[in-house]
Amino acid sequence: HPRVRRQRQMCIRDSFERRKEENQSTIERLRKVIQYIKENYQKPVTVGELAAVCHFSECYFMRFFKQYMNMTCVEYMNQYRMEIAAERLASGRESITDIALDTGFNNISYFNRVFKKSFGMTPKAYRQAYESVELDKVE
Numbered sequence: 332h333p334r335v336r337r338q339r340q341m342c343i344r345d346s347f348e349r350r351k352e353e354n355q356s357t358i359e360r361l362r363k364v365i366q367y368i369k370e371n372y373q374k375p376v377t378v379g380e381l382a383a384v385c386h387f388s389e390c391y392f393m394r395f396f397k398q399y400m401n402m403t404c405v406e407y408m409n410q411y412r413m414e415i416a417a418e419r420l421a422s423g424r425e426s427i428t429d430i431a432l433d434t435g436f437n438n439i440s441y442f443n444r445v446f447k448k449s450f451g452m453t454p455k456a457y458r459q460a461y462e463s464v465e466l467d468k469v470e
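Residue numbers (the numbering used here): 332 to 470.
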C-alpha cells in the first residue's frame, strides 16, 4: 500500500531528523565543556561546574562525558593540563612547582604522579630529556 509506505518513510525521516538534532546538541554540549576546561584549567574545576555548563546533574554528566569522550572528565582535564605543562617544561626555565600550580594542580606530588603516568617519566626527567634532544640538534 502506497499510503503505508509513505507513512513509514515519514517516520524514518522524522527519526533521522530527531537523531541529527540530538547529535548536534551533544556536540554543542561537549564543545562548551571543552571550551570551559580550556578557559579554566589553571584553577581547580569541579565536576559540578562542568555539569552546570550542560545543565546536567553531576551523575548524568559523568556518564555522558565518558560515553562520548571515552575517558572521564577528570582524565580529559588532566590530559589537557599535561599537554600545557609539557610545553612549558620544554620551553623554559620555569620551576616545576610554578608550572604545576599554573596548570591547576595544587598538590605537587599529584602533579608528578599524573605527569609520570602520562609521559612515562617525571617532569624533571622530561625537561632533561628535552634539553638533551635540543643539544643534539645544535651539535
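Idealized CB from N, CA, C, for every residue including glycine.
**Prompt:** Assuming Tyr-457 contacts Tyr-411 under a Cβ cut-off of 8 Å, what Cβ separation, rounded to an integer in Å, is found between them?
**Reply:** About 17 Å separates the beta carbons of Tyr-457 and Tyr-411, which is beyond the 8 Å limit, so they are not a contact pair.
**Item:** Opening and closing residue of the alpha helix (DSSP H) in which Glu-380 lies
**Value:** 378-385 is the span of the alpha helix (DSSP H), which, as asked, contains Glu-380.
**Request:** Return the first residue and the last residue of the alpha helix (DSSP H) that Ser-440 is part of.
**Result:** Start and end: 439-450.
**Nearest-angstrom Cα separation, counted from Leu-361 out to Arg-337** = In this structure, the CA atom of Arg-337 is about 36 Å from the CA atom of Leu-361.
**Item:** Inter-residue CB distance, Glu-389 and Gly-379 (contact presumed, cutoff 8 Å)
**Value:** About 5 Å separates the Cβ atoms of Glu-389 and Gly-379, confirming a contact at the 8 Å cut-off.
**Asked** Taking just the CA atoms, how far does Leu-420 sit from Glu-462?
**Response** Rounded to the nearest angstrom, the gap between the Cα atoms of Glu-462 and Leu-420 is 10 Å.
**Item:** Own chain partners of Ala-290 with C-beta closer than 8 Å, once the 5 adjacent residues on each side are dropped
**Value:** With the chain covering 332 to 470 only, the question about residue 290 has no answer from this structure.
**Request:** Kindly list the residues whose CB is nearer than 7 Å to the CB of Thr-357, restricted to its own chain and excluding five residues on each side of it in sequence; keep chain order.
**Result:** Correct list, in chain order: Tyr-399.
**Prompt:** Apart from the five residues just before and just after Val-384, which ones in its own chain have a Cβ nearer than 6 Å to its Cβ?
**Reply:** Setting aside the 5 residues that flank it on each side, Val-384 is surrounded in the same chain by Lys-363, Val-364 and Tyr-367, each with a C-beta closer than 6 Å to its C-beta; the list follows chain order.
**Asked** Can you list, in chain order, the residues of its chain whose CB lies under 7 Å from that of Met-413, leaving out five sequence neighbours each side?
**Response** Here the set comprises Val-445, Phe-446 and Ser-449.
**Request:** Pull up the distance between the alpha-carbon of Ala-382 and that of Val-405, whole angstroms please.
**Result:** If I take the Cα positions, the gap works out to 12 Å.
**Span of the alpha helix (DSSP H) around Arg-394** = According to the DSSP assignment, Arg-394 belongs to the alpha helix (DSSP H) that extends over 389-400.
**Prompt:** Excluding sequence positions up to five away, which residues of its chain have a Cβ less than 8 Å from the Cβ of Asn-437?
**Reply:** Apart from the 5 residues on each side of it in sequence, Asn-437 sits with its Cβ closer than 8 Å to the Cβ of Pro-375 in its chain, given in chain order.
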